[in-house]
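K.L.:
Protein chains: 2
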Amino acid sequence: MKEESTQNKIKDTALSLFARKGFEGTSLSDIASGVGIKKPSLYAHFKNKEDLFLGVIYKVTVDYNEFFANEAERLNGESPENQLYYLLVKNTEYLRNDELGLIFKRMMLFPPESLREEIYQMFEKTEEVMKSVIKSILMQMDRHKDWEQVFDAYLCLLDGVFEQVFYYSPEEHQKRLENSWSLFINGVHCRTEGK
Amino acid sequence: MKEESTQNKIKDTALSLFARKGFEGTSLSDIASGVGIKKPSLYAHFKNKEDLFLGVIYKVTVDYNEFFANEAERLNGESPENQLYYLLVKNTEYLRNDELGLIFKRMMLFPPESLREEIYQMFEKTEEVMKSVIKSILMQMDRHKDWEQVFDAYLCLLDGVFEQVFYYSPEEHQKRLENSWSLFINGVHCRTEGK
DNA sequence: AGGCGATTGCCTACCGTTCGTTAGTTAGTA
DNA sequence: TACTAACTAACGAACGGTAGGCAATCGCCT
Numbered sequence: 001m002k003e004e005s006t007q008n009k010i011k012d013t014a015l016s017l018f019a020r021k022g023f024e025g026t027s028l029s030d031i032a033s034g035v036g037i038k039k040p041s042l043y044a045h046f047k048n049k050e051d052l053f054l055g056v057i058y059k060v061t062v063d064y065n066e067f068f069a070n071e072a073e074r075l076n077g078e079s080p081e082n083q084l085y086y087l088l089v090k091n092t093e094y095l096r097n098d099e100l101g102l103i104f105k106r107m108m109l110f111p112p113e114s115l116r117e118e119i120y121q122m123f124e125k126t127e128e129v130m131k132s133v134i135k136s137i138l139m140q141m142d143r144h145k146d147w148e149q150v151f152d153a154y155l156c157l158l159d160g161v162f163e164q165v166f167y168y169s170p171e172e173h174q175k176r177l178e179n180s181w182s183l184f185i186n187g188v189h190c191r192t193e194g195k
Numbered sequence: 001m002k003e004e005s006t007q008n009k010i011k012d013t014a015l016s017l018f019a020r021k022g023f024e025g026t027s028l029s030d031i032a033s034g035v036g037i038k039k040p041s042l043y044a045h046f047k048n049k050e051d052l053f054l055g056v057i058y059k060v061t062v063d064y065n066e067f068f069a070n071e072a073e074r075l076n077g078e079s080p081e082n083q084l085y086y087l088l089v090k091n092t093e094y095l096r097n098d099e100l101g102l103i104f105k106r107m108m109l110f111p112p113e114s115l116r117e118e119i120y121q122m123f124e125k126t127e128e129v130m131k132s133v134i135k136s137i138l139m140q141m142d143r144h145k146d147w148e149q150v151f152d153a154y155l156c157l158l159d160g161v162f163e164q165v166f167y168y169s170p171e172e173h174q175k176r177l178e179n180s181w182s183l184f185i186n187g188v189h190c191r192t193e194g195k
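Heads up: the protein sequence lines correspond to chains U and S, in order.
Note that full-length UniProt numbering gives residue 8 to position 8 of the first sequence, counting from 1, and the numbers run on in steps of one.
Note that full-length UniProt numbering gives residue 11 to position 11 of the second sequence, counting from 1, and the numbers run on in steps of one.
1. Quick check: the stretch 119-135 of chain S against the stretch 129-147 of chain U, are there 3 or more CB pairs under 8 Å?
2. Please report the straight-line C-alpha distance between Phe166(U) and Asp159(S), rounded to a whole angstrom.
3. Report the option in Thr126(S), Glu148(S) and Ile119(S) whose CA atom is closest to the CA atom of Glu172(U).
4. Rounded to whole angstroms, what's the CA-CA distance from Ala19(S) to Phe110(U)? Just pull it up for me.
5. Give the list of continuous alpha helix (DSSP H) stretches no shorter than 4 residues that lie fully inside the stretch 101-152 of chain U.
6. Along the chain, where does the alpha helix (DSSP H) that runs through Ile37(S) open and close?
7. Is the shortest distance between the beta-carbon of Glu93(S) and the beta-carbons of chain U less than 9 Å?
8. Taking the Cβ atom as the reference point for each residue, do Leu95(U) and Lys105(U) lie within a distance shorter than 9 Å?
9. On the three-state DSSP scale, how would you describe Glu66(S)?
10. Measuring straight from C-alpha to C-alpha, what distance separates Asn65(S) and Gln164(S)?
11. Within the same chain, show all residues whose beta-carbon is closer than 7 Å to that of Phe67(S), passing over the 5 residues directly before and after it, in chain order.
12. At the level of alpha carbons, what is the spacing between Gly55(S) and Met107(U)?
13. Do Tyr86(S) and Leu75(S) have their CB atoms nearer than 9 Å?
14. Counting only Cβ-Cβ distances shorter than 8 Å, please list the residues of the stretch 58-71 of chain U near chain S, keeping chain order.
15. Could you work out which residues of chain S lie near Lys21(U), taking near to mean beta carbons separated by less than 7 Å?
16. At what residues does the alpha helix (DSSP H) containing Ala14(U) begin and finish?
17. So, does the CB of Gln7(U) fall closer than 9 Å to a CB anywhere in chain S?
18. Express the C-alpha separation of Leu52(S) and Lys11(S) in angstroms, rounding to a whole number.
19. Can you tell which of Asn8(U), Ala14(U), Asn82(U) and Tyr43(U) has the C-alpha that lies nearest to the C-alpha of Met141(U)?
20. Looking only at its own chain, which residues have a Cβ that is under 6 Å from the Cβ of Thr6(S), when we skip the five neighbours before and after it?
21. Round the Cβ separation of residue 196(U) and Ser180(S) to the nearest angstrom and send it over; I've been treating them as touching at under 8 Å.
22. Measure the CB-CB distance between Lys21(S) and Ala32(S) and report whether it falls below 9 Å.
23. Can you give the Cα-Cα distance for Leu138(U) and Arg191(U), rounded to whole angstroms?
24. How would you write the range of the alpha helix (DSSP H) that Glu93(S) sits in, first residue to last?
25. From the DSSP output, in three-state form, read off Cys190(S) for me.
26. Alpha carbon to alpha carbon, how far is Glu124(S) from Tyr43(U)?
27. Can you grab the Cα-Cα spacing for the pair Ser79(U) / Ser16(U), in whole Å?
28. List the residues of chain S whose Cβ lies closer than 9 Å to the Cβ of Asn97(U), in chain order.
29. Could one say the Cβ of Asn48(U) lies closer than 9 Å to chain S's Cβ atoms, at least one of them?
30. Taking a contact to mean a Cβ-Cβ separation below 9 Å, would you say Lys175(S) touches Asp152(U) in this structure?
31. List the residues of chain U whose Cβ lies closer than 7 Å to the Cβ of Asn186(S), in chain order.
32. Name, please, each residue of chain S whose Cβ falls closer than 7 Å to the Cβ of Gln164(U).
33. Could you confirm whether any beta carbon from chain U is found closer than 9 Å to the beta carbon of Met108(S)?
34. Once you ignore the five residues that flank Val188(U) on each side, which residues in its own chain have a CB closer than 7 Å to its CB?
35. Would you report the Cα separation of Glu118(S) and Glu50(S), rounded to the nearest angstrom?
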């Protein structure tokens, strides 16, 4: 039951290395020795380095999509505010804990030049899912027309928090998240009341 | 008057390449051919690749520090709100237009492993300057104790906008910035009135 | 002012290493 | 028997970096 296939062991090791050192910064020797085999043996499982890399990235996007959709569904009964809040928190936790988060971020911001298009294509679906989930939450919050402002601001909040995962300790980061969130939701309520 | 020194031409070319392709993804041959000289000639100007790279990064931090301090000073007469807003806008423009912004971001998030410590050390000053400038603006806005919440939220806003520079077209990005800002400043005012 | 040694800035040629990748082979398995 | 997954050996290319040479320029001394 434990016996993980070599194929998967390669992907896991590659994921970890690609996440920490990037595509160009990771060599096939590194990966092979991490797995415990010799470099040419990798070619029994993958066509070449790019193929391996894209396979890893694909796995990452699928995992993230699943995570996000599951989280969203789990929150279905909650108030819209709570949904937004917990989505923010869960998203942060995911991005912080796993190397998945690391490579996700790296590839969104600095993909290897030669693979940029293919990578962006993979992330397109992710972005779509995220946006439609968030939009539907906002629509149930208040139905007036300019939900778009809140939408943009929430996405900015997500991105800002996403970014800060790297700079700060979990505790410090949590504090900043809370503060940013409070001001955000304050702004949302203030605006709706002001109408 | 035009004659730029080779030394500077190297740094400029290196900056551009490092920004777009990263440290590992950029070769000395690339740089040399961009400058119009041969690879070994680079060694008349720099000890090695790391030395060149750190020189570039140093220049970048100095330039950014100057920019930020100047912008802040130029806004001295304005209202705190305006100061915050224009700082956000100017910062965004800076990061979008120049390759300086690109490399700045890349190095803060994904520095080459072997140089991480030195790079972070360089950015320390930058962060300090930014924080003290923003803090002083907030202090003149309202003097009650929990300016820290607004501080955290503003930094998150900065980071979020910073991040989004990459995904969206300038027009789209501008729209998102406006919306995020509106909600932010809404939240700030609502909070102070609520007290 | 004029000669001159040292220095600068670039060159060609080349080094050792590591890179991604291929070829050919062998041991185990079904 | 045929396939799988590993191996050893080695490939050409590209990497960062060095050695040595040559022409222009600079600083200094008479």
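For every residue, glycine included, the Cβ atom is placed at its ideal position computed from N, Cα and C.
P.N.:
In this structure, then:
1. no
2. 12 Å
3. Glu148(S)
4. 10 Å
5. 116-141
6. Note, Ile37(S): premise wrong, no alpha helix (DSSP H); not H, not E.
7. no
8. yes
9. helix
10. 22 Å
11. Tyr94
12. 26 Å
13. yes
14. none
15. Glu113
16. Thr6 to Gly25
17. no
18. 8 Å
19. Asn82(U)
20. none
21. With chain U covering only 1 through 195, there is no way to say anything about residue 196(U).
22. no
23. 14 Å
24. Pro80 to Asn97
25. helix
26. 44 Å
27. 37 Å
28. Ordered by position in chain S, no residue passes the 9 Å Cβ test against Asn97(U), which lies about 18 Å from the chain.
29. no
30. yes
31. Gly187, Cys190 and Arg191
32. Cys156 and Asp159
33. yes
34. Val150
35. 11 Å
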